[in-house]
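This report concerns only the one structure given below.
Numbering (our numbering), first residue to last: 41 to 502.
This is the structure we're talking about:
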């Protein structure tokens, strides 16, 4: 009996070992390491430059980490399952895309990097923003004829198959790949045509931006100036785009000398940056970015006539003399400083967010009032000035005494028929909407507007 029992035990033990072995070899077969698991076994992709691999041709399943992770990756201290590729640079530029989803591949949360020939000196790296997106990493300073390496990884547990595409022309993630938008001057792009999702930083940030030194996800555009003036608008919200906290800058043709820049005031506003001294026929660049984490799609609009953020775009308000604009018709939200501040103002040297108006004097006297509060406007701590036609020679100026007061500035020595300018501003952070009123008869702030009180002799006013 003991012999039979021992035989049965031995058979069971052998069966368990056999099953374990089968499971091991089956698992090893399923999760066999990719042929290009190691740097030394990198697959050469030179032949697919300007095309793509077969669908789902590669995999990180079964891969193990070696060498260095990309600086943009959020893997562990090392890599997770990185696999390797190589290519010989045909030019100074390259874009490499990890294409996933459907037939393209099952991998998620992809990460990619380009390396020098040692496999450890990073050229550029990129990681996913959303689980299922394709990601593209680009480089613009390659040495033609040199060999470079590409490593592809995935966040922990998200390994899978993927396709690879290479192009030797970079896209608008880089200054060198700027999209030419000359043909949309005085119109707009298609709704939500562009995106900062997946963008990376290069060149400089705009001087008014609150991003990193080179921006966060800046995208690049260029245009040939049709006039000395330009307004560029990032339009968002609804069908226009999902981006928030937008930032924009205009640059000289080198992409580093700033012409003008602007950043958001509120999360969801459209922002416009203008320039008034372009050289017609010259090429200029525009970069669009967003505050950290607020990337998204956006629409871009260009106009070669600037708005009332600039002296050159001043709104003619001659027609409202002895009346007022519509309630809250104007705003300092999104405005920028130009020309001089009023001598009585307590803003920066050029103002904070000054807006410009002009009028043809109908008499020697004028009163200009910034009307706020309730339906009249949300602005506080208003400031106003009247200027000669050059926009720099002050005629008169006034600033708030209390936060919510209407303020009026008057003049009694205008030349009827001459053109004059008005700038309206607000103390730092108190921007908002406002109503504007003009009267060609000054009030009792001036000798010329003295109130006749003969009728109250031997009595009192109300």
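Heads up, the beta-carbon is just placed ideally off N, CA and C, and yes, glycines get one too.
Uninterrupted beta strand (DSSP E) stretches inside the segment 267-353 (no shorter than 3 residues): Taken in chain order, the unbroken stretches of beta strand (DSSP E) that lie wholly in the segment 267-353 and span 3 residues or more are 270-275, 286-291, 298-303, 311-315, 323-330 and 337-343.
Straight-line gap, residue 165 to residue 135 (C-alpha atoms, nearest Å): 11 Å
Close beta carbons around residue 285, own chain, < 7 Å, minus the five adjacent residues each side: 304, 307, 330, 331 and 334
Pairwise C-alpha distance: residue 168 and residue 73: 23 Å
Three-way DSSP call (helix, strand, coil) for residue 496 in this model: helix
Contact set for residue 367: own chain, Cβ-Cβ below 8 Å, skip 5 residues either direction: 415, 416, 417 and 475
Separation of residue 140 from residue 463, as counted between CA atoms: 54 Å
Residue of 215, 230 and 94 minimising C-alpha distance to residue 342: 230
Span of the beta strand (DSSP E), counted from its first residue to its last, around residue 398: 395-400
N- and C-terminal bounds of the beta strand (DSSP E) containing residue 107: For residue 107, no beta strand (DSSP E) run applies, since DSSP gives it neither H nor E.
Close beta carbons around residue 386, own chain, < 7 Å, minus the five adjacent residues each side: 439 and 467
Contacts around residue 52, its chain only, beta-carbon distance under 8 Å, and the 5 residues preceding and following it disregarded: Per-residue confidence for residue 52 stands at a pLDDT of 46, beneath the threshold of 50, marking its modelled position as unreliable; no derived number is given.
Which residues DSSP lists as bridging residue 423, in chain order: Beta-bridge partners of residue 423 (DSSP): 439 and 465.
Sub-8 Å separation of residue 407 and residue 429 beta-carbons: no
Spatially closest choice to residue 395 from 384, 465 and 382, by CA coordinates: 465
Paired residues, beta bridge with residue 164 - DSSP: 154
Residue 143 - DSSP class collapsed to helix/strand/coil: helix
Closest residue to residue 426 among 405, 420 and 461 (Cα-Cα distance): 461
Inter-residue Cα distance where the pair is residue 66 and residue 147: For residue 66, the pLDDT reaches just 36, beneath the cut-off of 50, and the residue's location in the model is therefore unreliable, leaving the point undetermined.
Chain C contact for residue 477 (CB, 8 Å cutoff): Chain labels in this structure do not include chain C; a single protein chain is all it has.
Per-residue burial, residue 63 [other beta carbons within 10 Å of its own, 16 or more giving buried]: Unreliable positioning characterises residue 63 in this predicted model, as indicated by a pLDDT of 37, which lies under 50. The coordinate reading is nonetheless provided below. When all chains shown are included, residue 63 counts as exposed.
Stretch-stretch touch, CB-based, cutoff 8 Å, three pairs: the segment 96-114 with the segment 188-203: yes
Residue environment, residue 510, which counts as buried when at least 16 other CB atoms sit within 10 Å: Residue 510 is absent from the model: the chain starts at 41 and stops at 502.
Delimiting residues of the beta strand (DSSP E) encompassing residue 478: Where residue 478 is concerned, the enclosing beta strand (DSSP E) stretches over 473-479.
Cβ shell of residue 339 (< 8 Å), same chain only, five flanking positions each side left out: Taken in chain order, the residues that qualify are 228, 229, 230, 231, 232, 233, 234, 274, 275, 276, 280 and 281.
Rounded separation between residue 126 and residue 472 - CA only: Straight-line spacing of the CA atoms in residue 126 and residue 472 works out to 56 Å.
Per-residue DSSP class, three states only, for residue 405: Looking at residue 405 - three-state DSSP - the assignment turns out to be coil, as it is neither helix nor strand.
Buried versus exposed call for residue 324 [16 or more other C-beta atoms within 10 Å across all chains shown]: buried
Nearest-angstrom Cβ-Cβ length linking residue 345 and residue 269, presumed shorter than 8 Å: 6 Å
Chain-order list of residues whose beta-carbon lies under 6 Å from that of residue 501 (same chain, five-residue window excluded): none
Residues near residue 81 in its chain [Cβ-Cβ closer than 8 Å; skip 5 each side]: 75 and 124
Helix, strand or coil at residue 384 [DSSP, three-state]: Per DSSP, reduced to three states, the secondary structure at residue 384 is coil, with no helix or strand assignment.
Contact set for residue 132: own chain, Cβ-Cβ below 7 Å, skip 5 residues either direction: 180, 181, 182 and 184
Opening and closing residue of the beta strand (DSSP E) in which residue 454 lies: Per DSSP, residue 454 belongs to no beta strand (DSSP E) and is neither H nor E.
Integer Cβ distance of residue 374 from residue 312, believed to fall under 8 Å: Contact annotation, residue 374 with residue 312: C-beta distance approximately 7 Å; criterion of less than 8 Å satisfied.
Rounded separation between residue 410 and residue 314 - CA only: 24 Å
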